[in-house]
Amino acid sequence: MTYKELLHMPLDNGVNIAYRLSHPIDKSLETIVMHHAFLMNSRFYDQQFKDTRYANYNLISIDAHGHGETTGRGDKFTFWDTASDSLQLLTKLGVDRFYAMGTTQGASIALRMALLEPQRVKGLILLATTVYATPEQARINAGKGRAKWCETKIPSDEAITMRAGSFGGPTRINEKVFEKLKEMWIQRHAGAEGYDPALNCLLDRDAIDDQLDKITMPTMVLHGSEDRIITTDEVNMWVPKLPNLWKFLVVERGVHHLPLTEPGNDVAADLITQFIKETS
Numbered sequence: 001m002t003y004k005e006l007l008h009m010p011l012d013n014g015v016n017i018a019y020r021l022s023h024p025i026d027k028s029l030e031t032i033v034m035h036h037a038f039l040m041n042s043r044f045y046d047q048q049f050k051d052t053r054y055a056n057y058n059l060i061s062i063d064a065h066g067h068g069e070t071t072g073r074g075d076k077f078t079f080w081d082t083a084s085d086s087l088q089l090l091t092k093l094g095v096d097r098f099y100a101m102g103t104t105q106g107a108s109i110a111l112r113m114a115l116l117e118p119q120r121v122k123g124l125i126l127l128a129t130t131v132y133a134t135p136e137q138a139r140i141n142a143g144k145g146r147a148k149w150c151e152t153k154i155p156s157d158e159a160i161t162m163r164a165g166s167f168g169g170p171t172r173i174n175e176k177v178f179e180k181l182k183e184m185w186i187q188r189h190a191g192a193e194g195y196d197p198a199l200n201c202l203l204d205r206d207a208i209d210d211q212l213d214k215i216t217m218p219t220m221v222l223h224g225s226e227d228r229i230i231t232t233d234e235v236n237m238w239v240p241k242l243p244n245l246w247k248f249l250v251v252e253r254g255v256h257h258l259p260l261t262e263p264g265n266d267v268a269a270d271l272i273t274q275f276i277k278e279t280s
């Protein structure tokens, strides 16, 4: 088994959930369940799967509904659905307790896992996320991006460059990684049928800021100082409401997709190791 191997697990509700393992699950190790960003998939965390700082953890990276090869809920689903199905997957894998990690929409899923079954979540690792519903201006901006993406059968170079703005543009990541992302976007998310289900899930998310008092497990929050999607001011509004905040750090020069780019990837790896050591 390698981190490149995509696995599938049929669930009792008819969902077939796709995921990757860093190695066969070792019950003696802590487990990190990883949820990717919008229009990404479980390979979003390839760097972490190869990073020796994560070698002593079971890493489980999951394709969210509307992304990758997870199927079974049609074109209408919520972050709650991915959270619930991920919990079922972990039960079938024999993983009782774990750390839940997510980037942008992935952190929204991790938070909902913690709300659904708090007794199973040992800690939360939240990167570049929000707990609020989508504001109107964000809907307008997303609509413009969607129109550009879907105006051609295959997304244009302009549309792809706009989408890459979520991680600071093509130059912020390895050229080969960017080429693989482009290929995946064209194969999986071209046209309205590939784009809209994931976008609608993101835009129609419910607010959970009134439930933060229930997030009692240790939580670390990282946010990029150069995040163009979610402002630091917005994050500063909800982070203080977390009952068991282990650390909140604004990563200088960090962008929206922290673990995909530097310095976010490096900062996160060091802090996650410390976080798990102190809270496990």
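For the sequence shown, counting from 1, position 102 maps to 102 in the UniProt record's numbering; every step adds exactly one. A virtual CB, placed ideally from N, CA and C, is assigned to each residue, including glycine.
CA-to-CA distance, residue j to residue i, given in whole angstroms
i, j, result
"LYS148", "HIS23", "40 Å"
"ASN244", "LEU212", "10 Å"
"PHE98", "VAL121", "5 Å"
"LYS144", "HIS256", "19 Å"
"ILE83", "ILE60", "Checking the sequence shown, residue 83 turns out to be Ala, not Ile. Going from the Cα of ALA83 to the Cα of ILE60 covers about 14 Å."
"ARG188", "GLY68", "7 Å"
"SER42", "ASP266", "19 Å"
"LYS88", "LEU11", "Sequence check: residue 88 is Gln here, not Lys. Answer to the nearest angstrom: the Cα atoms are 7 Å apart."
"TRP246", "SER156", "43 Å"
"ALA198", "HIS65", "7 Å"
"GLU151", "LEU39", "18 Å"
"HIS8", "GLY168", "32 Å"
"ASN200", "ILE154", "20 Å"
"VAL239", "LYS92", "33 Å"
"GLN137", "LYS180", "31 Å"
"MET237", "GLU183", "37 Å"
"ALA192", "ARG146", "8 Å"
"GLY264", "HIS36", "15 Å"
"ASP209", "LEU115", "12 Å"
"TYR54", "GLU30", "10 Å"
"ILE32", "LEU90", "11 Å"
"TRP80", "ILE230", "21 Å"
DSSP bridge partner residues for residue i (one or two, in chain order)
i, result
"GLU30", "TYR57"
"VAL251", "GLY224"
"ASN200", "Answer is none; ASN200 lacks a bridge partner."
"ARG20", "SER61"
"PHE98", "VAL121"
"LEU126", "GLY102, VAL221"
Whole-number beta carbon distance between residue j and residue i, since they are thought to touch under 8 Å
i, j, result
"THR134", "ARG205", "6 Å"
"LEU127", "THR219", "With 8 Å as the limit, LEU127 and THR219 do not qualify as a contact, their Cβ atoms being about 12 Å apart."
"GLY165", "GLY72", "Actually they are not in contact, since the Cβ atoms of GLY165 and GLY72 sit about 32 Å apart, beyond 8 Å."
"LEU203", "ARG139", "6 Å"
"LEU249", "ILE215", "The pair is not a contact, with the Cβ atoms about 18 Å apart (cut-off 8 Å)."
Per-residue burial, residue i [other beta carbons within 10 Å of its own, 16 or more giving buried]
i, result
"THR130", "buried"
"GLY74", "exposed"
"MET34", "buried"
"GLN119", "exposed"
"GLY94", "exposed"
"SER280", "exposed"
"SER108", "buried"
"THR104", "buried"
"ASP233", "exposed"
"ARG163", "buried"
"GLN47", "buried"
"ALA207", "exposed"
"THR261", "buried"
Residue i Cβ short of 6 Å to the ligand MN heavy atom set
i, result
"ARG120", "Ligands in the displayed structure: none, and consequently the ligand MN is not present."
Short CB-CB distance (under 7 Å) between residue i and chain B
i, result
"GLU183", "The structure shown has no chain B; it contains just one protein chain."
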